[in-house]
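Numbering (the working numbering), first residue to last: 6 to 272.
By construction, the Cβ of each residue, glycine as well, lies at the ideal position given by its N, Cα and C atoms.
Comments concern the structure below.
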Amino acid sequence: MQKVLEDYIRMCYDGFLQGWHERNGGNLTYRMKAEEAEDCCGLFSPDVRHFTLPVEVSQLAGEYFITTGSGRYMRNVPLAPEKNIGIIKIDDDGKGYSILWGLEDGVKPTSELPSHLLNHVSRMSVSGGRCRVIYHAHPANITALSYTIEPDAKTLSRILWQSETECAVVFPQGVGILDWMIPGGTEIAQKTSELIRKYPAVVWAFHGIFGSGETFDETFGLIHTIEKAAEIYLKAKGAGIIRTISDDQLRILADAFGVAINEDFLK
Ligand code: 2HA
Ligand code: ZN
């Protein structure tokens, strides 16, 4: 199998093993490099299925994506990739897409495709085209944490930075948070894509998280770090927090690791 598909499948199953993908929860899209799409073209079907998009993504015209299937389970991806994931190509006018491989038995791409595509547009733009991965998962601790705070990025980011020393180095910009909205639509897609311009990850209150990155490792690692910090915070809060990492220590950390911590979130 093509390496890019192997790596994609591994990430799907790793997320399942973490407990982040109950039932059909969560979804993953990857914007393929030209040589990766080329490598997969032997798989492409001559009779493609074509669909119109509810959002226009002219910035992604002609791009190839690997996507999970709507209603499909991350747990089953390694068993039958062709039924649970697929490769799509965005039309030249950015208004629709064709399914070139996979998503067999009439399956469509993830219900969160509008959020994924608009997030790709945002992150592509702020990363100079380097961001390729958008990942949505339902980790229990970060979701639980969203019940304990107002939906405010400063509050959330400070809690996470204070809950594990690595956090300020891994996501110095902080993590965004969107208050509860109906998932699967264009409105949540629009709002998330605005926030993800500023932050590499955005929590969906009472639902889960969206993360982005240049590689599968970077994106999985980002969500893993955020979720671990949320777990530590909830454990510490349950036991009773008597002290934490100070703002001066966060600044020293950022200096030592050469990252620009978001000063707006420090006191
Ligand atoms: O794929 O996670 O947000 C199911 C979901 C919707
Ligand atoms: Zn979800």
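Indicate, with yes or no, if the ligand 2HA has a heavy atom lying under 6 Å from the CB of P86. The closest heavy atom of the ligand 2HA lies 6 Å or more from the beta carbon of P86.
Identify whether H212 lies in helix, strand or coil by the three-state DSSP scheme. coil
Three-state secondary structure assigned by DSSP to I226: Strictly speaking, residue 226 in this sequence is Gly, with Ile absent from that position. In the structure shown, G226 sits in a helix (DSSP, three-state: H, G or I).
Status (buried if at least 16 other CB within 10 Å, exposed otherwise) for R77: buried
For the beta strand (DSSP E) containing R202, name the first residue and the last one. Counting along the chain, R202 falls outside any beta strand (DSSP E), though it belongs to the alpha helix (DSSP H) covering T191 to K203.
Let me confirm a value: P51 is counted as buried when at least 16 other C-beta atoms fall within 10 Å, else exposed. Which label applies? exposed
Should the region 40-54 be called in touch with the region 77-86, which here means at least 3 C-beta pairs below 8 Å? Judged by Cβ distances under 8 Å, the region 40-54 makes no contact with the region 77-86, as fewer than three pairs qualify.
Does the ligand ZN have a heavy atom nearer than 6 Å to the CB of G213? yes
Under the rule that 16 or more other beta-carbon atoms within 10 Å means buried, what is Y152, buried or exposed? exposed
Would you mind listing the alpha helix (DSSP H) stretches within the region 33-117 that are 4+ residues and don't spill past its ends, in chain order? 39-45 and 86-89
Given this structure, state the Cα-to-Cα distance separating L1 from H141, to the nearest angstrom. Summary: the structure shown does not reach residue 1, with the chain confined to residues 6 through 272, and so no result is reported for it.
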